[in-house]
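**Student:**
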Amino acid sequence: MMELEIELKKASDSLKSWDTTSISLTAGCDLFMLYVTRTSALEYEDFNSAKSRLIERAEKFGEISCKARRIIAMLSQDFIFDGCTILVHGFSRVVLEVLKTAAENKKHFKVLCTEGRPDRTGLRFSNELAKLDVPVKLLIDSAVAYTMDEVDMVLFGADGVVESGGIINMMGTFQIALVAHSMNKPVYVAAESYKFARHYPLDQKDMGPARRPIDFGVPIPSKVEVETSARDYTPPQYLTLLFTDLGVLTPSVISDELIQLYL
Numbered sequence: 011m012m013e014l015e016i017e018l019k020k021a022s023d024s025l026k027s028w029d030t031t032s033i034s035l036t037a038g039c040d041l042f043m044l045y046v047t048r049t050s051a052l053e054y055e056d057f058n059s060a061k062s063r064l065i066e067r068a069e070k071f072g073e074i075s076c077k078a079r080r081i082i083a084m085l086s087q088d089f090i091f092d093g094c095t096i097l098v099h100g101f102s103r104v105v106l107e108v109l110k111t112a113a114e115n116k117k118h119f120k121v122l123c124t125e126g127r128p129d130r131t132g133l134r135f136s137n138e139l140a141k142l143d144v145p146v147k148l149l150i151d152s153a154v155a156y157t158m159d160e161v162d163m164v165l166f167g168a169d170g171v172v173e174s175g176g177i178i179n180m181m182g183t184f185q186i187a188l189v190a191h192s193m194n195k196p197v198y199v200a201a202e203s204y205k206f207a208r209h210y211p212l213d214q215k216d217m218g219p220a221r222r223p224i225d226f227g228v229p230i231p232s233k234v235e236v237e238t239s240a241r242d243y244t245p246p247q248y249l250t251l252l253f254t255d256l257g258v259l260t261p262s263v264i265s266d267e268l269i270q271l272y273l
């Protein structure tokens, strides 16, 4: 049944090539391939039977992935208490699911939402929270330290969770985590296990480049260099817990979970 696996590998590589800088896309494709082909029965079945088994396992992987956000939302509810103020950064669908579930559970909380320049992801996120009638305040990105004394917890999503237990996420995540850590505020991360990636960045530049256009609203002289990196790396020592569909994890156990996922 090697032919089927070769075709699947080609399709996976083609999808990953669409955006070679996307850690979640690469990790998701790699884990999909491992899950779908992880059965010795393929060696003993005829072509049609093997094809049916691959499709069945692919559908199961999709089902597990679709349930991930809901599982994370349920597991995180014990950490959201009445009257708390939560700082968020960027537009994360799993973070939105966490807060939506808390609102549905009649919890009373407030969200501080960074603007998220240059994509204004925070503005989009605050609009979604407003639809849920969740009290929300929009901050300019540079006001994080100024408002951190109002915050009870920081809640991030993640583009990728790496082997160190740290995360790669939207630019600005690292500096927010630094401010929170310095003021003894817990930093939580909500991330699906299909974003667990076999990467071990050693510093901010030890990642594939991910660029985005930046419009400052005024002409920029050609001699002025503009930093256009779209994401940064937050080391594990600045994170408190990760809410995942595999459970609530400390950063130190991420490497063990990655080993189990990629075996």
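Here the sequence shown is numbered in this note's numbering, starting from 11 and rising by one per residue.
For each residue, glycine too, the CB sits at the ideal point set by N, CA and C.
Does residue 141 come out as helix, strand or coil in the three-state DSSP assignment?
**Tutor:** helix
**Student:** Alpha carbon to alpha carbon, how far is residue 90 from residue 258? Give it in angstroms, no decimals.
**Tutor:** For residue 258 and residue 90, the distance between alpha carbons rounds to 14 Å.
**Student:** Relative to the alpha-carbon of residue 241, which residue among 126, 116, 107 and 95 has its alpha-carbon at the smallest distance?
**Tutor:** Nearest C-alpha to residue 241: 126.
**Student:** On the three-state DSSP scale, how would you describe residue 206?
**Tutor:** strand
**Student:** Pull up the DSSP beta-bridge partners for residue 178, would you.
**Tutor:** Residue 178 is bridged by DSSP to 170 and 243.
**Student:** Taking the DSSP output, what are the residues bridged to residue 260?
**Tutor:** In DSSP, residue 260 forms no bridge with anything.
**Student:** Exposed or buried, which one is residue 274 when buried takes at least 16 other CB atoms within 10 Å?
**Tutor:** Coverage of the chain is limited to positions 11 through 273, which leaves residue 274 absent and any answer about it impossible.
**Student:** Evaluate the contact criterion for the region 172-180 versus the region 140-156: three or more CB pairs, one atom per stretch, below 8 Å.
**Tutor:** no
**Student:** Once DSSP output is grouped into helix, strand and coil, what is the label at residue 269?
**Tutor:** helix
**Student:** Applying the criterion that 16 or more other CB atoms from any shown protein chain within 10 Å of the CB defines a buried residue, is residue 261 buried or exposed?
**Tutor:** buried
**Student:** Taking a contact to mean a Cβ-Cβ separation below 9 Å, would you say residue 207 touches residue 167 in this structure?
**Tutor:** no
**Student:** Evaluate the contact criterion for the region 116-130 versus the region 90-101: three or more CB pairs, one atom per stretch, below 8 Å.
**Tutor:** yes
**Student:** I'd like to know if the region 185-196 and the region 127-137 are in contact, where contact means that at least 3 CB-CB pairs between them fall below 8 Å.
**Tutor:** Here the region 185-196 makes no contact with the region 127-137; the two share fewer than three CB pairs at distances below 8 Å.
**Student:** In angstroms with no decimal places, state the Cα-to-Cα distance between residue 250 and residue 196.
**Tutor:** 6 Å
**Student:** Does the beta-carbon of residue 123 have 16 or more other beta-carbons within 10 angstroms, so that it is buried, or is it exposed?
**Tutor:** Classification of residue 123: buried, given that the 10 Å Cβ count is 16 or more.
**Student:** Distance, Cα to Cα, residue 211 vs residue 231?
**Tutor:** Between the alpha carbons of residue 211 and residue 231 lies a gap of roughly 33 Å.
**Student:** Looking at C-alpha atoms only, which residue of 199, 87 and 247 is the closest neighbour of residue 110?
**Tutor:** 87
**Student:** What do you reckon, are the CB atoms on residue 104 and residue 79 nearer than 9 Å?
**Tutor:** yes
**Student:** Among 77, 76 and 85, whose alpha-carbon lies nearest the alpha-carbon of residue 198?
**Tutor:** 85
**Student:** Below 8 Å on the Cβ atoms is my guess for residue 238 versus residue 222; work out the distance and round it to an integer in Å.
**Tutor:** 6 Å
**Student:** As an exercise, report each continuous alpha helix (DSSP H) stretch of at least 4 residues that is fully enclosed by the region 97-123, in chain order.
**Tutor:** For the region 97-123, whole alpha helix (DSSP H) runs of length 4 or above, ordered along the chain, are 103-114.
**Student:** Going by other Cβ atoms of all chains shown within 10 Å of its Cβ, with 16 needed for buried, is residue 248 buried or exposed?
**Tutor:** Buried, because 16 or more other Cβ atoms sit within 10 Å of the Cβ of residue 248.
**Student:** Given a threshold of 16 other Cβ atoms within 10 Å of its Cβ, counted over all protein chains shown, does residue 204 qualify as buried or as exposed?
**Tutor:** buried
**Student:** Less than 6 Å between C-beta atoms, sequence neighbours within five positions excluded: which residues of the same chain meet that for residue 54?
**Tutor:** With a pLDDT of 49 at residue 54, under the threshold of 50, the predicted position of this residue should be treated as unreliable, and no value is reported.
**Student:** Would the beta-carbon of residue 164 fall within 9 Å of that of residue 186?
**Tutor:** yes
**Student:** Taking only the alpha-carbon atoms, compute the straight-line gap between residue 236 and residue 214 and give it to the nearest angstrom.
**Tutor:** Within the model, the alpha-carbon separation for residue 236 versus residue 214 is close to 17 Å.
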